[in-house]
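Just below is one structure, and these are the notes that go with it.
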Amino acid sequence: MRRPDLKNAFSLPSHLRLANFNSDMNLSSGSSGLKEYVNSLYDQAVTWGDILWLKSITKLPIILKGILTAEDAVIGADLGAAAILVSNHGGRQLDGVPATVR
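Here is the structure:
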């Protein structure tokens, strides 16, 4: 939920549903369900080994996104990443990760 929505106590009326989401999904109460739904779509256990594997199967440049520390940026560069993409778009809406500017 966005900051203005929280400030204004916005919520959907109980009779309205997001048409693209299954109403039978087991979601935590008090949540829009977006975080739980998005998290269920991805295996979040990416490792440096996965980056090495990806580099071994393609000649395309590897660009890493989601790097939060200078130490991880150095590791990514050492593993051959062509670039590190720093972005605050999206992630702040789905979890509690601090802004990359910090």
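Residue numbers for the sequence shown follow my numbering, so the first one is 65 and each next one is one higher.
For every residue, glycine included, the Cβ atom is placed at its ideal position computed from N, Cα and C.
- In the three-state DSSP reduction, A146 falls in the coil class, being neither helix nor strand.
- At the C-beta level, G113 and L128 stay beyond 8 Å of one another.
- By the CB criterion at 8 Å, L116 and L143 fall inside the cutoff.
- Rounded to the nearest whole angstrom, the CA to CA distance from F74 to R67 is 10 Å.
- The C-beta distance from I126 to A146 rounds to 6 Å, short enough to meet the 8 Å contact threshold.
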